[in-house]
Amino acid sequence: MKGKPDGSDGSQKRRLLTSVAVVTVFLFLYFYFGSRSSAESALEYGSRSLRKLGSSYLGNDENTDSRQDDTSFKLGLDDSEDGTVSKSFPVCDDRHSELIPCLDRNLIYQTRLKLDLSLMEHYERHCPVPERRFNCLIPPPPGYKIPIKWPKSRDEVWKANIPHTHLASEKSDQNWMVVKGQKINFPGGGTHFHYGADKYIKSLANMLNFSDDNINNEGRLRTVLDIGCGVASFGAYLLSNDILTMSVAPNDVHQNQIQFALERGIPAYLGVLGTQRLPYPSRSFELAHCSRCRIDWLQRDGILLLELDRLLRPGGYFAYSSPEAYAQDEEDLRIWKEMSALVERMCWKIAVKRNQTVIWVKPLNNDCYMEREPGTQPPLCKSDDDPDAVSGVPMEACITSYSDRDHRTGGSGLAPWPARLTAPPPRLADFGYSSATFEKDTELWQKRVEKYWELLSPKISSDTLRNIMDMKANLGSFGASLKNKDVWVMNIVSEEGPNTLKLIYDRGLIGSVHNWCEAYSTYPRTYDLLHAWTVFSDIEKKGCSGEDLLIEMDRILRPTGFVIIRDKQRVLNFVKKYLTALHWEAVTTDSSSEDEDGDETVLVIQKKLWLTSESLKNTE
């Protein structure tokens, strides 16, 4: 007969389980850190921190304050003690791998913003306050690969980099994109041009009687605005015609269309015709284009068409391909009739109408505006309205007339491309700049860019760089100096002025107005090179965080991409403290200077490719 158990067997089992658990943890740590160190030279792995910065933003308990002390993210640039140990940044959750902080739907939901959906306000910029920012590094998606190089990237990208294929099925009959194995191919189709953007572009040139059916009209048509651009195949095929297109679309039901465009190496911007002016100055584009863009142009007294009118140059064109231009059903006929009456009152004239497309042309001067009957709608904008002010400026249902000087000129006065790149722009006088100042700036940046490429040369080949951002473009001479490189430049001008962006457009380049105290309207991992000339010194004057700017730069920079910082030495010392935390590597510095800004030093940095342990596991 067995006696009652005395508990000794249970104690032995518990001790055995404890020992096994300890050994298991030890082995896990050994193999994890061992494998990590052996591969670290080729690839970096971000640790997944348990700190969740701005937890209320993620929907956690509002009363739980898991944010770090704000002072740790508001470091002054004067803190230049050598040897300061860099902090590590937490890595954002994988579900935020495509985070756009100022265009984040979760922010709208969490903060219960009252927005008018019919006016597209939910697609406009709404930036988080500092305590709701994600002060963490955005991880690449599982399986992320270094992007395919231009020009091959125009036609194919890695599926793993943008793992969204719904557009391929949704637009399968329109040749937007096709999934083929590990890649997504772009046949060049669109909603209106199923058989290719190249044929469609040639037909537009033919309609306008341009010589040799070349849409650039012997260099007179250089900058284009494509509204509702899809995956930007229209802009992609205009590049071979020496035309730069600002392809614009919101982050709407066709999510990731702008991300696809940028991954392909095509200029693009996340924006919407809603309630605010687009971030471009007046008279920036020779052609605006809308192909089945599903915009109600008649709403609010034609305010959206009037925004296009503000942006078009004298004699500029609006190409409109839509059922209203050709359909015969009652509703389309009504829309066409009302739209025709509206543009006539705006003094636009039909240049040509053929098949499914109509092209209107804007007047060259104010004559037609002055001849309208009193009380004609829409009215002219008030004389004190600044047509180039865009930051936080609401659109108005009024016509932007020309200045007396432009009225007398009767056109833009611009040289054809490529001569306009280096010819002093007519609007230079608006800033009190002389032609000599302009030419000196062009020469200065030519020398600087040549030096930059000398510093980069050990790390790059002819196809390494494609998407470039000049974070403080001034007169656009940095971008102009890259004319012979197979790249394009997004030129950024501060919203606080001087608003020299119109000079940049007059040179045949493109860009946008932005405030670097906030996140930029683009997806993560979209630029190969960021050029920051005194940007950190500028935001310091405004009391903004240099650390926040570094995190934002990391967000929009592609893995293995480069940063060139040109600033005071103490700024570079500040940045160097964060290199390890950002998974960045200093390539070289250069303090030699042959120009008047002798106190500026150059720091060249490369971003490493890194994956989170979760991403690595999913990849495997």
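The working numbering numbers the first residue of the sequence shown as 133 and each following residue consecutively.
Beta carbons are placed, not taken as given, at the ideal position from N, Cα and C, and that holds for glycine.
No experiment lies behind these values; they were computed from the predicted model shown.
| Item | Value |
| --- | --- |
| Residue nearest to Thr-532 in terms of C-alpha spacing, selected from Glu-476, Ser-414, Thr-541, Leu-474 | Ser-414 |
| From Gly-403, Ile-333, Asn-388, Leu-394, residue whose alpha carbon lies closest to that of Ser-372 | Ile-333 |
| Under 7 Å between C-beta atoms of Val-754 and Pro-411 | Look at the range of the chain in this structure, 133 to 752, and you will see that residue 754 is not part of it. |
| Span separating the alpha-carbon of Asp-248 from that of Tyr-255 | 10 Å |
| For Leu-444 and Leu-437, the rounded distance between their alpha carbons | 11 Å |
| Buried versus exposed, by CB contacts within 10 Å (16 or more), Ser-724 | exposed |
| For Leu-269, the residue or residues it bridges with in DSSP | Val-223 |
| Beta-carbon contacts of Thr-666 that lie in its chain and below 6 Å, excluding the five residues immediately before and after | Asp-699 |
| Three-state secondary structure (DSSP) of Thr-541 | helix |
| For Asn-338 and His-539, the rounded distance between their alpha carbons | 29 Å |
| Burial state of Asp-602, where buried means 16 or more other Cβ atoms lie within 10 Å | buried |
| According to DSSP, residues forming a beta bridge with Tyr-401 | Val-380 |
| Neighbourhood of Asp-595 by C-beta, 8 Å cutoff - its chain only, sequence neighbours within 5 removed | Lys-281, Trp-282, Asp-618 |
| Within 7 Å, strictly: CB atoms of Ser-515 and Thr-489 | no |
| contact_flag[the stretch 653-673, the stretch 392-400] where n(CB pairs < 8 Å) is 3 or more | yes |
| Endpoints, the alpha helix (DSSP H) within which Glu-456 is located | Careful: Glu-456 lies outside any alpha helix (DSSP H) and carries neither H nor E. |
| Assigned secondary structure, Thr-721 (DSSP; H/G/I helix, E/B strand, else coil) | strand |
| Whether Leu-607 touches Thr-632 by CB criterion (7 Å) | yes |
| Given 8 Å, three or more beta-carbon pairs between the stretch 686-695 and the stretch 668-676 | no |
| Touching by the beta-carbon criterion (3+ pairs, under 8 Å), the stretch 569-589 and the stretch 645-654 | no |
| Residues sharing a beta bridge with Leu-357, DSSP | Met-378, Ala-420 |
| Own chain, CB closer than 6 Å to Arg-352, minus 5 neighbours either side, in chain order | Pro-548 |
| Rounded Cβ spacing between Arg-354 and Asn-346 (contact assumed at less than 8 Å) | So it is not a contact: roughly 12 Å between Cβ atoms. |
| Lys-709 burial status per 10 Å Cβ neighbour count (16 or more: buried) | buried |
| Where Leu-633 sits in the DSSP three-state scheme | helix |
| Reduced DSSP secondary structure (H/G/I, E/B, other) of Tyr-659 | strand |
| Gly-730 classed as buried or exposed, judged by whether at least 16 other C-beta atoms fall within 10 angstroms | exposed |
| For Asn-623, the residue or residues it bridges with in DSSP | Asp-602, Gly-643 |
| DSSP bridge partner residues for Tyr-449 (one or two, in chain order) | Leu-419, Val-493 |
| Helix, strand or coil at Ala-483 [DSSP, three-state] | strand |
| Alpha carbon of Arg-580 to alpha carbon of Val-734, nearest angstrom | 10 Å |
| Euclidean distance between Cα positions of Gln-509 and Val-525 | 21 Å |
| Spatial distance of Lys-284 from Trp-290 (CA atoms) | 12 Å |
| According to DSSP, residues forming a beta bridge with Gln-738 | Phe-694, Glu-717 |
| Cβ separation of Leu-689 and Lys-739, assumed to be a contact under 8 Å, to the nearest whole Å | 5 Å |
| Gln-408 - partner residues in DSSP beta bridges | Pro-526 |
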